[in-house]
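Notes to accompany the following structure.
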Amino acid sequence: MKEQFTRARTFLESARSIGVLTGAGISAESGLKTFRDSGGLWEDHSIEQVATPEGFARDPQRVWAFYNARRKAAHAALPNAAHQALARLEERCRLTILTQNIDGLHQKAGSRNVVELHGSIWKVRCTGCGLVSSEQPIELPPLPHCTSCRNLLRPHVVWFGEQLDVDILRAAQGVVEACDLFLVVGTSAVVQPAASYPFIASHRGKPVIEVNKEKTPVSEIASISLLGLAGEILPEIIPA
Ligand code: BJW
Numbered sequence: 049m050k051e052q053f054t055r056a057r058t059f060l061e062s063a064r065s066i067g068v069l070t071g072a073g074i075s076a077e078s079g080l081k082t083f084r085d086s087g088g089l090w091e092d093h094s095i096e097q098v099a100t101p102e103g104f105a106r107d108p109q110r111v112w113a114f115y116n117a118r119r120k121a122a123h124a125a126l127p128n129a130a131h132q133a134l135a136r137l138e139e140r141c142r143l144t145i146l147t148q149n150i151d152g153l154h155q156k157a158g159s160r161n162v163v164e165l166h167g168s169i170w171k172v173r174c175t176g177c178g179l180v181s182s183e184q185p186i187e188l189p190p191l192p193h194c195t196s197c198r199n200l201l202r203p204h205v206v207w208f209g210e211q212l213d214v215d216i217l218r219a220a221q222g223v224v225e226a227c228d229l230f231l232v233v234g235t236s237a238v239v240q241p242a243a244s245y246p247f248i249a250s251h252r253g254k255p256v257i258e259v260n261k262e263k264t265p266v267s268e269i270a271s272i273s274l275l276g277l278a279g280e281i282l283p284e285i286i287p288a
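Using the working numbering, the first residue of the sequence shown is number 49, and each one after it goes up by one.
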């Protein structure tokens with residue numbers, strides 16, 4: 049394992065352009081729940097009910113209760129040592145984070161190049177006029193409405209069965225193609241299209257480093273797979 053840490057450090061030090069894919073696991077040590085771990089969000093909530101457009105159409109109040117609770121938790125959360133290590137690394141090389149997270153903790157840690165693949169919990173979108181806004185109080189009413197057209201607002205996030213924004217997809221594809229090293233942190237790597245990025249990078253001959261509490265489909269193709277907590281491993285391989 050020690051040898052793997054040394055190899056990872058060497059890869060990171062010599063890379064000129066790094067692509068990073070992060071998932072809920074990187075925010076776990078900030079106290080935010082992941083989705084698929086034991087005790088995760090999908091244990092108490094049904095995906096169909098709270099993370100699909102059909103679920104929102106059926107019961108928007110249930111969906112808003114789910115997202116309002118998560119807005120409250122995310123507001124109280126602080127970036128951890130893993131977020132901070134990535135922000136530090138961005139000061140030393142070209143680095144872009146492709147995050148599946150909507151919590152904004154990478155930006156709170158100081159990262160500037162962050163592509164939010166699944167949107168942001170801090171933005172809402174009007175189901176009528178389509179206006180996207182981030183000028184909302186932390187605690188929204190049980191059914192928030194658009195101030196200009198009075199239609200129902202929805203979280204500006206990507207649910208199952210919805211397309212990711214085309215510009216975001218293009219930016220992510222560009223990062224995967226341009227980087228010379230790809231780092232994957234705290235994702236189960238089962239949700240597409242994000243899950244395909246490490247595989248595309250590897251297919252194009254780029255080394256892939258994975259950091260996760262447990263093995264995932266990415267472990268099979270990773271040049272280095274470091275098992276453990278992101279908040280402990282990232283500061284080790286990205287020293288201050
Ligand atoms: C730690 C740790 C610690 C814990 N340290 N590690 C191709 C094939 C099959 C299906 C599809 C396909 N293409 C598209 C689909 C359909 C679908 C999909 O992928 N389905 C699969 C699940 C089967 N994808 C979509 O619908 C996407 N849209 C799309 O592609 O449009 C075109 C299209 C549509 C339909 C058909 C075909 C094409 C949209 C996906 C939207 C995902 N949305 C969610 C919720 C919204 C945001 C939110 O509310 O937060 O995004 S679902 C949820 O999963 C959330 C996450 O971003 C995402 C990924 O989860 P993540 O981050 O990996 O978390 P976990 O919990 O799964 O894993 C945590 C990991 O951390 C674990 O591995 C732990 O071990 C680890 N860990 N603590 C280190 N301290």
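For each residue, glycine too, the CB sits at the ideal point set by N, CA and C.
Taking 9 Å as the cut-off, decide whether the C-beta atoms of residue i and residue j are in contact.
| i | j | result |
| --- | --- | --- |
| L126 | S182 | no |
| L143 | A157 | no |
| P246 | I216 | no |
| P203 | A113 | no |
| C174 | L201 | yes |
| V233 | A249 | no |
| Q148 | L165 | yes |
| A130 | P283 | yes |
DSSP three-state label for residue i, please.
| i | result |
| --- | --- |
| V206 | coil |
| I285 | helix |
| G222 | helix |
| E164 | strand |
| R110 | helix |
| R173 | strand |
| Q21 | The structure shown does not extend to residue 21, since the chain spans only 49 to 288, so no value can be given for it. |
| I216 | helix |
Who are residue i's beta bridge partners in DSSP?
| i | result |
| --- | --- |
| F230 | G67 and V256 |
| H193 | L200 |
Beta strand (DSSP E) containing residue i: first to last residue?
| i | result |
| --- | --- |
| S182 | Neither: S182 is in no beta strand (DSSP E) and is coded neither H nor E. |
| I145 | R142 to T147 |
Considering just the uninterrupted stretch of the alpha helix (DSSP H) at residue i, what are its terminal residues?
| i | result |
| --- | --- |
| I272 | Note, I272: premise wrong, no alpha helix (DSSP H); beta strand (DSSP E) at I272 to L275. |
| Q240 | That residue, Q240, is in no alpha helix (DSSP H); it is neither H nor E in DSSP. |
| R57 | K50 to S62 |
| Q155 | L153 to A157 |
| D92 | L89 to D92 |
(request) Check whether the stretch 166 to 183 touches the stretch 93 to 103, taking contact to mean three or more Cβ pairs, one atom from each stretch, closer than 8 Å. (result) no
(message) Closer than 8 Å is the cut-off here; do at least three beta carbon pairs connect the stretch 111 to 122 with the stretch 269 to 276?
(response) no
(message) Closer than 8 Å is the cut-off here; do at least three beta carbon pairs connect the stretch 62 to 81 with the stretch 146 to 166?
(response) yes
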